[in-house]
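Below is one structure, written out as structure tokens; the observations come after it.
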Amino acid sequence: STETPTGFSRDDETKRLIAAIRTGLERRAGVLVPVFALGRTQEVLGEIALAMQRGDLKRQPVYIGGLGRVFTEIYDLVSSRAPNRHPDLNLHEALDLQVLERNELEKIEHDGKLFVITAGMMSEHTLAHELALRMAPVEKHAILFVGYAAPETPAGKLRAAARGEPFQFSNNGDDLTRNCEMQIFDLSAHANREELLDFTVQLNPRSVVLGHGEPDARDWIEEGLRSRLPRLNILQPAPGETLSL
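If you're matching positions, the sequence shown starts at 27 in our numbering and goes up one per residue.
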């Protein structure tokens, strides 16, 4: 298992996440896991399904968002035809998935419920954002982050917030005080930059286009590539620039 920046292996991070979900549900807390709809939702749902099959989590409904449901249905359709550690795991069959609609937010009881909800950054007007507004002030609830959140986003601000101190959660002026439990688990699906270099060298391409990330990060990649593939054509286009490969 690859070691994560937290110092735990990825398998250990997954075990810690499942344990945190179990602990929260056992005390009748609402447990919110904000996730990205494509990929991360299905990964987290898969780990929850396996934990329920093992008996590590009690079987109960899992509330998801509409976009998460759509991508999960697609994953189930192609799971047997794509590289998959658990090709026989059908998430809709293994889990009691309940789609949470926006008009249900005011009447739904959070206690003892598990929410795996988009969006990972908790942007305004998303279900994750609205659930955080309701759950974060309540001490017994838990919000568990499983991936990156940019510092300027609502999720990033919540992660940085001290317990019991008000802060501006979103750009529309919503103030929030976090009294709930909060934990962060490093389950990023991204390769680190050393792995990206190794992968590029393995492919040995004629050209590489660096078109994403901060300038310093792209420069670091370019320097590493030039030292290992001196003949490689490396391009860093400006926005809107047309390239000829």
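All C-beta atoms, glycine included, are put in the ideal place defined by N, C-alpha and C.
Pop quiz: residue 125 and residue 92 are said to be a contact at Cβ under 8 Å. What is the actual Cβ separation, rounded to whole angstroms?
Counting from 1 along the sequence shown, the entry for residue 125 is found at position 99. Counting from 1 along the sequence shown, the entry for residue 92 is found at position 66. Contact holds; Cβ gap of about 6 Å.
Can you look up residue 227 in the DSSP assignment and give me helix, strand or coil?
Numbered from its first residue, the sequence shown carries residue 227 at position 201. Of the three classes helix, strand and coil, the one that applies to residue 227 here is helix, per DSSP.
Contact set for residue 155: own chain, Cβ-Cβ below 7 Å, skip 5 residues either direction:
Locating residue 155 in the sequence shown gives position 129, counting from the first residue. Same-chain partners within the cutoff: 148, 149, 180, 196.
Residues near residue 21 in its chain [Cβ-Cβ closer than 6 Å; skip 5 each side]
Past the boundaries of the shown model lies residue 21; the chain is included only from 27 to 271, so the question cannot be answered.
Helix, strand or coil for residue 148? Go by DSSP, reduced to three states.
If you number the sequence shown from 1, residue 148 lands on position 122. In this structure, residue 148 counts as coil in the three-state DSSP scheme.
Leaving out five residues on either side along the sequence, give the residues of the same chain with a beta carbon under 8 Å from the beta carbon of residue 231.
In the sequence shown, the residue the question calls residue 231 occupies position 205. Counting only Cβ-Cβ distances below 8 Å, and skipping sequence neighbours, we find 258.
Per DSSP, cross-strand counterpart(s) of residue 233
As a first step, residue 233 is located in the sequence shown; it is residue number 207 there, counting from the start. Its beta-bridge partners are 259.
DSSP state of residue 21 mapped onto helix, strand, coil:
Since the displayed the chain opens at 27 and closes at 271, residue 21 lies outside it and no answer follows.
By the three-class DSSP mapping on this structure, what secondary structure does residue 130 have?
The residue you call residue 130 lines up with position 104 of the sequence shown. Residue 130 falls in the helix class under three-state DSSP.
Cβ-based burial, residue 90 [other Cβ within 10 Å; buried from 16]:
For the purposes of this step, residue 90 is taken as the residue at position 64 of the sequence shown. Buried, because 16 or more other Cβ atoms sit within 10 Å of the Cβ of residue 90.
State the DSSP-derived secondary structure class of residue 269, mapped to helix, strand or coil.
Position 243 of the sequence shown, counted from the start, is the residue given in the question as residue 269. It is coil, neither helix nor strand.
Can you tell which of 264, 173, 76 has its C-alpha closest to the C-alpha of residue 236?
If you number the sequence shown from 1, residue 236 lands on position 210. Of the listed residues, the one whose Cα sits closest to residue 236 is 264.
Enumerate in chain order the residues of its own chain whose CB-to-CB distance from residue 79 is below 8 Å, with the five nearest sequence positions on each side excluded.
Taking the first residue of the sequence shown as 1, we reach residue 79 at position 53. Correct list, in chain order: 120.
Use the C-beta contact count for residue 10: other C-beta atoms within 10 angstroms, 16 or more gives buried, fewer gives exposed.
The displayed coordinates of the chain run from 27 to 271. Any statement about residue 10 would go beyond what the structure contains.
Can you give me the start and stop residues for the alpha helix (DSSP H) that residue 120 sits inside?
Within the sequence shown, numbered from 1, the residue matching residue 120 stands at position 94. First-last of the alpha helix (DSSP H) with residue 120: 117-120.
Closer than 7 Å by C-beta to residue 30: which residues in its own chain qualify, once you throw out the five before and the five after it? Chain order, please.
Here residue 30 corresponds to residue number 4 of the sequence shown, with the count starting at 1. Because residue 30 carries a pLDDT of 45, less than 50, the predicted location of this residue cannot be relied on, and the following value inherits that uncertainty. For residue 30, where only same-chain residues beyond five positions count, the Cβ hits under 7 Å are 36, 39, 212.
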